[in-house]
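Asks:
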Amino acid sequence: MFPLAHGIAVDVFVAPDWPDGIGRRVRVEIIRSRRCPTLRYFFHIYDDAETLDLDGMELPSIEAAVAMARHDLGQIVADELMHAGTLNTASRIDVAAEEGQLLASVRFDDLLDS
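Take -6 as the starting number for the sequence shown in our numbering and just add one per residue.
1) Leaving out five residues before and five after residue 90 in sequence, what residues of the same chain have Cβ atoms less than 6 Å from its Cβ?
2) Any idea which residues DSSP pairs residue 99 with across the strands?
3) What's the gap between the Cα of residue 47 and the Cα of residue 35?
4) Hey, residue 32 and residue 52 are a contact pair by Cβ (cut 8 Å); roughly how many whole angstroms apart?
5) Might you give, ordered along the chain, the residues of its own chain that have their beta carbon closer than 8 Å to the beta carbon of residue 44, omitting 5 neighbours on each side?
6) Count the other C-beta atoms from every protein chain shown that fall within 10 angstroms of the C-beta of residue 84, then say buried if there are 16 or more, exposed otherwise.
7) Do residue 103 and residue 63 come within 9 Å of each other at the CB atom, strictly closer than that value?
8) Does DSSP put residue 52 in a helix, a strand or coil?
9) Could you spell out the range, first to last residue, of the beta strand (DSSP E) harbouring residue 37?
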(Lines of atoms letter the chains of each structure in order from A and count residues from 1; the text may use other names and numbers.)
(Lines give C-alpha, C1' and ligand atoms only; values in the text may rest on other atoms or scores of the structure.)
Protein backbone atom coordinates (compact mmCIF):
# COMPACT_ATOMS: atom_id res chain seq x y z
CA MET A 1 0.00 0.00 0.00
CA PHE A 2 1.46 3.35 -1.02
CA PRO A 3 -0.09 6.43 0.65
CA LEU A 4 -0.51 9.41 -1.64
CA ALA A 5 -1.45 13.03 -0.98
CA HIS A 6 -4.84 13.96 0.46
CA GLY A 7 -5.45 10.63 2.16
CA ILE A 8 -5.48 8.57 -1.04
CA ALA A 9 -3.68 5.22 -1.04
CA VAL A 10 -3.23 2.71 -3.84
CA ASP A 11 -2.34 -0.96 -4.00
CA VAL A 12 0.15 -1.55 -6.80
CA PHE A 13 1.51 -4.53 -8.68
CA VAL A 14 5.12 -4.01 -9.77
CA ALA A 15 6.45 -6.39 -12.42
CA PRO A 16 9.79 -6.32 -14.29
CA ASP A 17 9.23 -5.15 -17.86
CA TRP A 18 12.51 -5.06 -19.79
CA PRO A 19 16.15 -4.28 -19.09
CA ASP A 20 17.54 -0.91 -20.15
CA GLY A 21 21.28 -0.27 -20.12
CA ILE A 22 21.25 0.91 -16.47
CA GLY A 23 18.93 -1.38 -14.64
CA ARG A 24 15.36 -2.58 -14.93
CA ARG A 25 12.32 -0.60 -15.85
CA VAL A 26 9.13 -1.59 -14.13
CA ARG A 27 5.52 -1.35 -15.12
CA VAL A 28 3.20 -0.15 -12.36
CA GLU A 29 -0.46 -1.06 -12.52
CA ILE A 30 -2.98 0.48 -10.15
CA ILE A 31 -5.13 -2.34 -8.86
CA ARG A 32 -7.51 -0.31 -6.70
CA SER A 33 -7.53 2.90 -4.74
CA ARG A 34 -9.35 3.91 -1.60
CA ARG A 35 -9.39 6.73 0.89
CA CYS A 36 -7.26 6.29 3.99
CA PRO A 37 -9.24 6.74 7.19
CA THR A 38 -8.79 10.17 8.71
CA LEU A 39 -9.73 11.55 12.09
CA ARG A 40 -10.40 15.13 13.13
CA TYR A 41 -7.87 16.52 15.61
CA PHE A 42 -8.18 19.77 17.53
CA PHE A 43 -5.19 21.95 18.42
CA HIS A 44 -5.73 24.01 21.58
CA ILE A 45 -3.05 26.67 22.08
CA TYR A 46 -1.97 27.69 25.58
CA ASP A 47 0.37 30.65 25.44
CA ASP A 48 -0.20 34.04 27.02
CA ALA A 49 -3.86 33.31 26.32
CA GLU A 50 -5.95 30.19 25.78
CA THR A 51 -7.09 29.63 22.19
CA LEU A 52 -9.41 26.68 21.65
CA ASP A 53 -9.60 25.15 18.18
CA LEU A 54 -13.28 24.86 17.27
CA ASP A 55 -12.79 23.57 13.71
CA GLY A 56 -10.07 20.94 13.96
CA MET A 57 -8.22 19.34 11.08
CA GLU A 58 -8.53 15.92 9.45
CA LEU A 59 -5.26 14.00 9.54
CA PRO A 60 -4.40 10.34 8.97
CA SER A 61 -2.82 9.64 12.39
CA ILE A 62 -1.95 10.94 15.82
CA GLU A 63 1.69 11.05 14.69
CA ALA A 64 0.71 13.47 11.91
CA ALA A 65 -1.26 15.56 14.41
CA VAL A 66 1.70 15.75 16.83
CA ALA A 67 4.01 16.72 13.95
CA MET A 68 1.56 19.50 13.01
CA ALA A 69 1.42 20.70 16.64
CA ARG A 70 5.25 20.76 16.85
CA HIS A 71 5.45 22.78 13.64
CA ASP A 72 2.75 25.23 14.75
CA LEU A 73 4.28 25.73 18.20
CA GLY A 74 7.64 26.41 16.56
CA GLN A 75 5.97 29.10 14.44
CA ILE A 76 4.32 30.65 17.49
CA VAL A 77 7.63 30.77 19.37
CA ALA A 78 9.43 32.27 16.36
CA ASP A 79 6.73 34.94 15.94
CA GLU A 80 6.92 35.83 19.65
CA LEU A 81 10.68 36.28 19.45
CA MET A 82 10.55 38.26 16.22
CA HIS A 83 7.71 40.64 17.10
CA ALA A 84 7.67 40.91 20.88
CA GLY A 85 11.23 39.95 21.72
CA THR A 86 9.96 37.68 24.49
CA LEU A 87 9.62 33.96 24.92
CA ASN A 88 6.97 32.14 26.92
CA THR A 89 8.55 28.80 27.85
CA ALA A 90 5.20 27.62 29.25
CA SER A 91 3.68 27.61 25.74
CA ARG A 92 2.05 24.37 24.62
CA ILE A 93 -0.42 22.94 22.14
CA ASP A 94 -2.78 20.20 23.28
CA VAL A 95 -4.01 17.77 20.63
CA ALA A 96 -7.53 16.56 21.34
CA ALA A 97 -9.90 14.11 19.69
CA GLU A 98 -13.30 15.13 18.38
CA GLU A 99 -14.88 13.79 21.58
CA GLY A 100 -12.67 16.13 23.62
CA GLN A 101 -10.18 13.72 25.19
CA LEU A 102 -6.57 14.87 25.34
CA LEU A 103 -4.38 12.75 23.06
CA ALA A 104 -1.03 14.57 23.23
CA SER A 105 0.55 17.73 24.51
CA VAL A 106 3.45 19.47 22.77
CA ARG A 107 5.41 21.80 25.04
CA PHE A 108 8.14 24.34 24.41
CA ASP A 109 10.70 21.92 25.90
CA ASP A 110 9.73 19.32 23.25
CA LEU A 111 10.97 21.69 20.55
CA LEU A 112 14.43 21.73 22.12
CA ASP A 113 14.70 17.93 21.76
CA SER A 114 14.43 18.03 17.96
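Glycine residues also receive a C-beta, built at the ideal position from the N, C-alpha and C atoms.
Replies: Taking the structure as given:
1) 96
2) 86
3) 7 Å
4) 7 Å
5) 37, 38
6) buried
7) yes
8) strand
9) 32 to 39
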